[in-house]
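Engineer: Pasting in a structure now, in structure tokens, and then I'll have a few things to ask.
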Amino acid sequence: GIQVEQSPPDLILQEGANSTLRCNFSDSVNNLQWFHQNPWGQLINLFYIPSGTKQNGRLSATTVATERYSLLYISSSQTTDSGVYFCAVDSWGKFQFGAGTQVVVTP
Amino acid sequence: NAGVTQTPKFRILKIGQSMTLQCTQDMNHNYMYWYRQDPGMGLKLIYYSVGAGITDKGEVPNGYNVSRSTTEDFPLRLELAAPSQTSVYFCASSSPFDSEAFFGQGTRLTVV
Numbered sequence: 014g015i016q017v018e019q020s021p022p023d024l025i026l027q028e029g030a031n032s033t034l035r036c037n038f039s040d041s042v043n044n045l046q047w048f049h050q051n052p053w054g055q056l057i058n059l060f061y062i063p064s065g066t067k068q069n070g071r072l073s074a075t076t077v078a079t080e081r082y083s084l085l086y087i088s089s090s091q092t093t094d095s096g097v098y099f100c101a102v103d104s105w106g107k108f109q110f111g112a113g114t115q116v117v118v119t120p
Numbered sequence: 398n399a400g401v402t403q404t405p406k407f408r409i410l411k412i413g414q415s416m417t418l419q420c421t422q423d424m425n426h427n428y429m430y431w432y433r434q435d436p437g438m439g440l441k442l443i444y445y446s447v448g449a450g451i452t453d454k455g456e457v458p459n460g461y462n463v464s465r466s467t468t469e470d471f472p473l474r475l476e477l478a479a480p481s482q483t484s485v486y487f488c489a490s491s492s493p494f495d496s497e498a499f500f501g502q503g504t505r506l507t508v509v
């Protein structure tokens with residue numbers, strides 16, 4: 014099956030810092046999503062981004078489908094950005110997750 | 398707009414007991430999924446369905462069964478609960494046309 018790799022596995026940021034999270038996938042995918050899992054375990058849709066670039070406030074994402082990677086940018090990080098960020102890809106009806114990036118934003 | 402609804406939110410089972418986790422969606426999505434998430438880990442696909450009457454195994458199907466008799470509902474059945482099935486279970490749905498997936502709130506299951 015398709016492999017989804019996220020990096021880095023862990024990230025510690027000071028409030029106000031910027032960061033980039035990466036998602037590599039091993040085969041062509043129909044679609045790609047980024048999620049934030051908050052400390053209460055809730056999965057929150059961030060971006061549905063099979064290709065191109067999208068922005069939502071301090072977050073933005075870029076997917077280059079031909080090169081099989083996606084990037085999630087967090088700018089001016091806040092403590093509420095803490096949690097785990099997951100990338101997931103849709104491969105012919107099987108929606109598969111990467112292992113996630115654990116982000117801790119310190120005051 | 399309810400989206401994806403899972404019940405129950407929490408459950409404690411004894412070893413060997415059975416239970417059904419319920420999942421229903423009101424978005425008329427063809428695709429539905431069940432995942433488990435162990436502490437500190439990512440989500441692993443248990444079963445998925447591309448439409449009513451059609452189901453298929455994911456990465457970790459052993460110990461679980463599913464059925465899909467309607468578009469809206471996709472229950473997950475645990476027949477003989479084992480401690481290894483202690484986990485948080487998530488249900489999701491998506492459309493084959495744009496594939497954006499939406500998740501339920503999760504069910505926290507403990508088997509003792």
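Each protein sequence line maps, in turn, to chains Y and S. Just so you know, the first sequence maps onto residues 14 to 120 in the numbering used here. Just so you know, the second sequence maps onto residues 398 to 509 in the numbering used here. By construction, the Cβ of each residue, glycine as well, lies at the ideal position given by its N, Cα and C atoms.
By the 10 Å Cβ neighbour count, where 16 or more other Cβ atoms means buried, how is Y/Asp103 classified, buried or exposed?
Structural biologist: Reading the first sequence from its first residue, position 90 is the one you call residue 103 of chain Y. The residue is buried, with at least 16 neighbouring Cβ atoms inside 10 Å.
Engineer: Check the DSSP bridge columns for S/His426 and list the partner residues they point to.
Structural biologist: Walking along the second sequence from the start, residue 426 of chain S turns up at place 29. DSSP lists no partner for S/His426.
Engineer: For S/Gln502, would you say it is in contact with chain Y, using Cβ-to-Cβ distances shorter than 8 Å as the test?
Structural biologist: Locating residue 502 of chain S in the second sequence gives position 105, where the first residue counts as 1. Yes - at least one Cβ of chain Y is within 8 Å of the one on S/Gln502.
Engineer: Tell me, please, which residues DSSP counts as bridged to Y/Ser81.
Structural biologist: Taking the first sequence and counting its residues from 1, the one referred to as residue 81 of chain Y is at position 68. First, the residue type needs correcting, since residue 81 of chain Y is Arg and not Ser in the sequence shown. In the DSSP output, where bridge partners are listed per residue, Y/Arg81 has none listed.
Engineer: When you compare only the Cα positions, how much space is there between S/Ser415 and S/Gly455?
Structural biologist: Within the second sequence, the letter at position 18 stands for residue 415 of chain S. Within the second sequence, the letter at position 58 stands for residue 455 of chain S. Rounded to the nearest angstrom, the two C-alpha atoms are 21 Å apart.
Engineer: Select from the stretch 441–464 of chain S all residues with a C-beta closer than 9 Å to any C-beta belonging to chain Y, and list them in chain order.
Structural biologist: So the list reads Lys441, Leu442, Tyr445, Ser446, Val447, Asp453, Gly455 and Glu456, given in the order they occur along the chain.
Engineer: Give me, in chain order, the residues of the same chain whose beta-carbon lies closer than 6 Å to that of Y/Ser88; leave out the 5 immediate sequence neighbours on both sides.
Structural biologist: The count along the first sequence starts at 1 and reaches residue 88 of chain Y at position 75. Excluding positions up to five away in sequence, the list reads Asn31 and Arg71.
Engineer: So with CB distances below 9 Å, who are the chain Y contacts of S/Ala489?
Structural biologist: In the second sequence, the residue the question calls residue 489 of chain S occupies position 92. In chain order: Leu56 and Phe108.
Engineer: Can you find a CB in chain Y that lies within less than 8 Å of the CB of S/Phe499?
Structural biologist: Position 102 of the second sequence, counted from the first residue, corresponds to residue 499 of chain S. For S/Phe499, the answer is yes, since a Cβ of chain Y falls inside 8 Å of its Cβ.
Engineer: So with CB distances below 7 Å, who are the chain S contacts of Y/Ala112?
Structural biologist: Stepping through the first sequence from its first residue, residue 112 of chain Y is reached at position 99. Here the neighbours are Gly439.
Engineer: What does Y/Asn31 reach in chain S if we use C-beta pairs closer than 7 Å?
Structural biologist: If you number the first sequence from 1, residue 31 of chain Y lands on position 18. The contacting residues do not exist; Y/Asn31 stays about 25 Å from chain S at best.
Engineer: Which same chain residues, not among the five before or five after Y/Gly14, have their C-beta less than 8 Å away from its C-beta?
Structural biologist: For the purposes of this step, residue 14 of chain Y is taken as residue 1 along the first sequence, with counting starting at 1. Within the same chain, Y/Gly14 has close Cβ partners Ser104, Lys107 and Gln109.
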